[in-house]
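First the structure, in the form of C-alpha coordinates, and then the observations on it.
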Amino acid sequence: MSFFNRNRAPSRPKRSPTPTGGHRKDSGGSEPSSPSPASANLGGAAGGGPKPLYLSRPFADAALVKGNFKTIVMQPKYVDVNEWVAVNIYDFYTNLNEFYGVLTETCTQQTCPTMSAGPTLNYLWIQDRKKVPLSAPTYIDSVMSTIQNLLDDENVFPTKTSLSFDKDTFPATIKQVYIQLLRVFAHLYHAHYPQILHLRAEPHFNSMFAHFLSFGTQYHLFEEREIRGEPNAPVGVGLLWERWKSTGILEGL
(Lines of atoms letter the chains of each structure in order from A and count residues from 1; the text may use other names and numbers.)
(Lines give C-alpha, C1' and ligand atoms only; values in the text may rest on other atoms or scores of the structure.)
Protein backbone atom coordinates (compact mmCIF):
# COMPACT_ATOMS: atom_id res chain seq x y z
CA MET A 1 0.00 0.00 0.00
CA SER A 2 1.34 3.42 -0.93
CA PHE A 3 1.87 6.41 1.37
CA PHE A 4 -0.87 8.23 -0.53
CA ASN A 5 -3.37 5.36 -0.12
CA ARG A 6 -2.84 5.17 3.65
CA ASN A 7 -3.93 8.78 3.99
CA ARG A 8 -7.04 8.59 1.85
CA ALA A 9 -10.57 8.76 3.18
CA PRO A 10 -13.96 7.86 1.65
CA SER A 11 -15.24 9.89 -1.29
CA ARG A 12 -16.79 13.22 -0.44
CA PRO A 13 -20.54 13.69 0.03
CA LYS A 14 -22.32 16.08 -2.31
CA ARG A 15 -22.33 19.63 -1.00
CA SER A 16 -24.17 21.60 -3.65
CA PRO A 17 -26.33 20.98 -6.72
CA THR A 18 -24.60 19.02 -9.46
CA PRO A 19 -24.02 21.31 -12.46
CA THR A 20 -25.58 20.55 -15.79
CA GLY A 21 -23.91 20.58 -19.16
CA GLY A 22 -20.88 18.48 -18.22
CA HIS A 23 -18.79 21.08 -16.42
CA ARG A 24 -15.78 18.87 -15.95
CA LYS A 25 -12.93 20.57 -17.80
CA ASP A 26 -10.72 22.79 -15.70
CA SER A 27 -11.08 26.54 -15.99
CA GLY A 28 -8.01 28.00 -17.60
CA GLY A 29 -8.39 31.65 -16.70
CA SER A 30 -10.43 34.48 -15.28
CA GLU A 31 -11.77 37.76 -16.52
CA PRO A 32 -12.86 40.90 -14.68
CA SER A 33 -16.54 41.75 -14.85
CA SER A 34 -19.15 43.75 -12.99
CA PRO A 35 -19.22 43.34 -9.23
CA SER A 36 -21.62 40.73 -7.93
CA PRO A 37 -23.97 41.37 -4.99
CA ALA A 38 -21.76 39.27 -2.73
CA SER A 39 -18.66 41.27 -3.61
CA ALA A 40 -20.42 44.60 -3.34
CA ASN A 41 -21.37 43.85 0.25
CA LEU A 42 -17.75 43.49 1.29
CA GLY A 43 -16.31 46.45 -0.55
CA GLY A 44 -12.98 46.70 -2.31
CA ALA A 45 -9.83 44.95 -1.26
CA ALA A 46 -7.52 47.45 -2.92
CA GLY A 47 -8.74 50.87 -1.90
CA GLY A 48 -12.08 50.94 -3.73
CA GLY A 49 -14.18 50.71 -0.55
CA PRO A 50 -14.11 49.60 3.08
CA LYS A 51 -11.45 47.08 3.94
CA PRO A 52 -12.75 43.48 4.00
CA LEU A 53 -12.89 41.83 7.40
CA TYR A 54 -10.29 39.22 6.46
CA LEU A 55 -7.75 42.02 5.94
CA SER A 56 -8.63 43.75 9.21
CA ARG A 57 -7.29 43.26 12.72
CA PRO A 58 -7.61 41.07 14.68
CA PHE A 59 -9.11 38.70 12.13
CA ALA A 60 -6.28 38.82 9.59
CA ASP A 61 -3.80 37.74 12.23
CA ALA A 62 -5.90 35.03 13.88
CA ALA A 63 -4.18 31.66 13.45
CA LEU A 64 -3.61 28.36 15.16
CA VAL A 65 -0.08 28.20 13.77
CA LYS A 66 2.20 31.21 13.57
CA GLY A 67 5.72 31.46 12.27
CA ASN A 68 7.49 29.31 9.77
CA PHE A 69 5.53 26.59 7.97
CA LYS A 70 8.75 25.20 6.48
CA THR A 71 8.90 22.14 8.71
CA ILE A 72 5.27 21.29 7.98
CA VAL A 73 5.59 21.35 4.20
CA MET A 74 9.00 19.73 3.82
CA GLN A 75 9.07 16.37 2.06
CA PRO A 76 9.77 13.52 4.52
CA LYS A 77 12.81 11.37 3.96
CA TYR A 78 12.22 8.28 1.81
CA VAL A 79 8.83 9.57 0.57
CA ASP A 80 8.49 10.19 -3.16
CA VAL A 81 7.84 13.84 -3.94
CA ASN A 82 4.78 13.04 -6.06
CA GLU A 83 3.31 10.97 -3.25
CA TRP A 84 3.96 13.78 -0.78
CA VAL A 85 2.33 16.36 -3.05
CA ALA A 86 -0.60 14.04 -3.75
CA VAL A 87 -1.40 13.30 -0.11
CA ASN A 88 -1.18 16.98 0.86
CA ILE A 89 -3.38 18.10 -2.01
CA TYR A 90 -5.86 15.41 -1.01
CA ASP A 91 -5.87 16.72 2.56
CA PHE A 92 -6.31 20.32 1.42
CA TYR A 93 -9.18 19.26 -0.83
CA THR A 94 -10.86 17.25 1.94
CA ASN A 95 -10.53 19.96 4.58
CA LEU A 96 -11.62 22.77 2.26
CA ASN A 97 -14.60 20.70 1.10
CA GLU A 98 -15.66 20.20 4.72
CA PHE A 99 -15.37 23.95 5.38
CA TYR A 100 -17.42 24.69 2.29
CA GLY A 101 -20.01 22.15 3.39
CA VAL A 102 -20.67 24.24 6.50
CA LEU A 103 -21.17 27.36 4.37
CA THR A 104 -23.37 25.99 1.58
CA GLU A 105 -26.56 27.44 3.04
CA THR A 106 -25.11 30.92 2.58
CA CYS A 107 -23.50 30.24 -0.81
CA THR A 108 -26.50 29.95 -3.11
CA GLN A 109 -27.53 30.82 -6.65
CA GLN A 110 -29.13 33.98 -5.26
CA THR A 111 -26.39 35.19 -2.91
CA CYS A 112 -23.47 34.24 -5.17
CA PRO A 113 -24.58 34.44 -8.82
CA THR A 114 -20.94 34.64 -9.91
CA MET A 115 -17.71 32.99 -8.76
CA SER A 116 -16.36 36.24 -7.36
CA ALA A 117 -13.03 36.69 -5.61
CA GLY A 118 -12.90 40.48 -5.59
CA PRO A 119 -15.04 43.51 -6.40
CA THR A 120 -14.11 43.27 -10.10
CA LEU A 121 -12.94 39.68 -10.43
CA ASN A 122 -15.12 36.73 -11.40
CA TYR A 123 -13.68 33.34 -12.33
CA LEU A 124 -15.04 31.72 -15.47
CA TRP A 125 -15.40 28.02 -16.20
CA ILE A 126 -14.24 26.49 -19.48
CA GLN A 127 -16.86 24.43 -21.27
CA ASP A 128 -16.46 23.29 -24.88
CA ARG A 129 -13.43 25.59 -25.17
CA LYS A 130 -15.50 28.60 -24.16
CA LYS A 131 -15.38 30.61 -20.98
CA VAL A 132 -18.77 30.58 -19.31
CA PRO A 133 -19.94 32.34 -16.14
CA LEU A 134 -21.26 30.09 -13.39
CA SER A 135 -22.74 30.82 -10.01
CA ALA A 136 -20.31 30.20 -7.15
CA PRO A 137 -22.07 27.04 -5.85
CA THR A 138 -22.15 25.55 -9.34
CA TYR A 139 -18.53 26.49 -10.01
CA ILE A 140 -17.35 25.10 -6.67
CA ASP A 141 -19.29 21.88 -7.10
CA SER A 142 -17.73 21.54 -10.55
CA VAL A 143 -14.28 21.99 -9.01
CA MET A 144 -14.88 19.52 -6.21
CA SER A 145 -16.48 16.93 -8.49
CA THR A 146 -13.66 17.21 -11.00
CA ILE A 147 -11.03 16.78 -8.30
CA GLN A 148 -12.89 13.84 -6.78
CA ASN A 149 -12.99 12.14 -10.19
CA LEU A 150 -9.25 12.66 -10.56
CA LEU A 151 -8.58 11.29 -7.09
CA ASP A 152 -10.62 8.19 -7.93
CA ASP A 153 -8.68 7.65 -11.16
CA GLU A 154 -5.85 5.18 -10.55
CA ASN A 155 -4.09 6.46 -13.67
CA VAL A 156 -3.80 9.93 -12.12
CA PHE A 157 -3.59 9.24 -8.37
CA PRO A 158 -2.39 5.65 -8.08
CA THR A 159 -2.85 3.91 -4.73
CA LYS A 160 -1.33 0.53 -5.59
CA THR A 161 2.36 -0.22 -5.31
CA SER A 162 2.36 -1.63 -8.83
CA LEU A 163 1.43 1.79 -10.24
CA SER A 164 3.34 5.05 -10.20
CA PHE A 165 2.58 8.71 -10.85
CA ASP A 166 2.96 9.80 -14.46
CA LYS A 167 5.92 12.18 -14.31
CA ASP A 168 4.95 13.73 -17.65
CA THR A 169 1.34 14.64 -16.82
CA PHE A 170 1.06 14.68 -13.02
CA PRO A 171 2.81 18.05 -12.43
CA ALA A 172 0.44 19.87 -14.79
CA THR A 173 -2.59 18.10 -13.34
CA ILE A 174 -1.68 18.90 -9.76
CA LYS A 175 -1.08 22.56 -10.62
CA GLN A 176 -4.55 22.82 -12.14
CA VAL A 177 -6.04 21.19 -9.05
CA TYR A 178 -4.13 23.59 -6.81
CA ILE A 179 -5.25 26.67 -8.76
CA GLN A 180 -8.89 25.64 -8.57
CA LEU A 181 -8.64 25.08 -4.82
CA LEU A 182 -7.00 28.51 -4.56
CA ARG A 183 -10.03 30.01 -6.30
CA VAL A 184 -12.38 28.34 -3.84
CA PHE A 185 -10.35 29.79 -0.95
CA ALA A 186 -10.47 33.21 -2.63
CA HIS A 187 -14.26 33.11 -2.99
CA LEU A 188 -14.85 31.99 0.59
CA TYR A 189 -12.63 34.77 1.92
CA HIS A 190 -14.26 37.36 -0.30
CA ALA A 191 -17.91 36.40 0.03
CA HIS A 192 -18.26 34.32 3.20
CA TYR A 193 -15.72 35.48 5.77
CA PRO A 194 -18.46 36.99 7.99
CA GLN A 195 -19.98 33.52 8.30
CA ILE A 196 -16.55 32.07 9.13
CA LEU A 197 -16.24 34.70 11.88
CA HIS A 198 -19.71 33.84 13.13
CA LEU A 199 -18.54 30.24 13.55
CA ARG A 200 -15.37 31.51 15.30
CA ALA A 201 -13.44 29.44 12.79
CA GLU A 202 -11.15 32.16 11.43
CA PRO A 203 -8.01 30.82 13.19
CA HIS A 204 -8.60 27.40 11.65
CA PHE A 205 -9.38 28.78 8.19
CA ASN A 206 -6.48 31.23 8.20
CA SER A 207 -4.03 28.54 9.31
CA MET A 208 -5.28 26.13 6.66
CA PHE A 209 -4.90 28.78 3.97
CA ALA A 210 -1.44 29.79 5.20
CA HIS A 211 -0.40 26.12 5.14
CA PHE A 212 -1.88 25.83 1.63
CA LEU A 213 0.07 28.87 0.39
CA SER A 214 3.28 27.71 2.01
CA PHE A 215 2.97 24.29 0.43
CA GLY A 216 2.18 25.72 -3.00
CA THR A 217 5.18 28.01 -2.79
CA GLN A 218 7.51 25.22 -1.70
CA TYR A 219 6.53 22.97 -4.62
CA HIS A 220 5.98 25.70 -7.25
CA LEU A 221 2.29 24.98 -7.74
CA PHE A 222 1.20 28.50 -8.66
CA GLU A 223 2.41 31.70 -10.23
CA GLU A 224 2.36 34.93 -8.23
CA ARG A 225 -0.26 36.42 -10.55
CA GLU A 226 -2.65 33.67 -9.44
CA ILE A 227 -2.54 34.94 -5.88
CA ARG A 228 -1.97 38.64 -6.56
CA GLY A 229 -4.32 38.95 -9.53
CA GLU A 230 -3.95 41.08 -12.62
CA PRO A 231 -3.23 44.82 -12.25
CA ASN A 232 -6.78 45.76 -13.23
CA ALA A 233 -8.39 43.01 -11.13
CA PRO A 234 -6.61 42.66 -7.79
CA VAL A 235 -7.43 39.60 -5.71
CA GLY A 236 -8.07 40.29 -2.04
CA VAL A 237 -6.32 37.14 -0.83
CA GLY A 238 -3.19 38.44 -2.54
CA LEU A 239 -3.20 41.32 -0.07
CA LEU A 240 -3.66 38.81 2.74
CA TRP A 241 -0.67 36.84 1.42
CA GLU A 242 1.44 39.99 1.43
CA ARG A 243 0.30 40.86 4.94
CA TRP A 244 1.20 37.42 6.28
CA LYS A 245 4.64 37.60 4.68
CA SER A 246 5.30 41.03 6.18
CA THR A 247 4.14 40.02 9.68
CA GLY A 248 6.07 36.75 9.76
CA ILE A 249 3.13 34.35 9.64
CA LEU A 250 4.56 33.11 6.35
CA GLU A 251 8.26 33.37 6.99
CA GLY A 252 10.72 32.83 4.19
CA LEU A 253 8.17 33.03 1.35
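223 is the number that this note's numbering gives to position 240 of the sequence shown; each next residue is one higher, with no gaps. C-beta atoms are modelled at their ideal positions from N, C-alpha and C, and glycine is treated no differently. Only a predicted model underlies this, so the values are computations on that prediction, with no experimental measurement involved.
Exercise for the section: Quick one: using the 10 Å Cβ neighbour count with 16 as the cut-off for buried, is residue 155 buried or exposed? Expected result: exposed
Practice task
Please state whether DSSP places residue 231 in a helix, a strand or coil.
Solution key: coil
Handout entry: Alpha carbon of residue 183 to alpha carbon of residue 177, nearest angstrom
Key = 10 Å
Problem - Which of helix, strand or coil DSSP assigns to residue 60 - result: coil
Handout entry: C-alpha gap between residue 224 and residue 53, whole angstroms
Key = 16 Å
Exercise for the section: Please determine, among 94, 128, 152, 219, the residue with the shortest C-alpha to C-alpha distance to residue 305. Expected result: It is not possible to answer for residue 305, since the shown part of the chain is limited to -16 through 236.
Problem - Supposed close pair residue 204, residue 161 - CB separation, criterion 8 Å - result: 4 Å
Handout entry: Helix, strand or coil at residue 105 according to DSSP, with G and I counted as helix
Key = strand
Problem - Enclosing alpha helix (DSSP H) for residue 126 [first to last residue] - result: 119 to 134
Practice task
Just tell me which of 86, 210, 166 has its CA closest to the CA of residue 181.
Solution key: 86
Exercise for the section: With residue 115 as the anchor, note down where its alpha helix (DSSP H) starts and where it stops. Expected result: Here residue 115 belongs to no alpha helix (DSSP H); instead the beta strand (DSSP E) covers 113 to 115.
Practice task
Determine, using beta carbons only, whether residue 75 and residue 195 come nearer to each other than 7 Å.
Solution key: yes
Problem - Local Cβ density within 10 Å of residue 157, reported as buried at 16 or more and exposed below that - result: buried
Exercise for the section: Could you tell me which uninterrupted alpha helix (DSSP H) segments, each at least 4 residues in length, are contained entirely in the region 151 to 185, listed from first to last along the chain? Expected result: 153 to 181
Exercise for the section: Put residue 110 into one of helix, strand or coil per three-state DSSP. Expected result: strand
Exercise for the section: Taking all protein chains shown into account, decide if residue 163 is buried (16 or more other Cβ within 10 angstroms of its Cβ) or exposed. Expected result: buried
Practice task
Can you say whether residue 206 is buried or exposed, counting buried as having 16 or more other CB atoms within 10 angstroms of its CB?
Solution key: exposed
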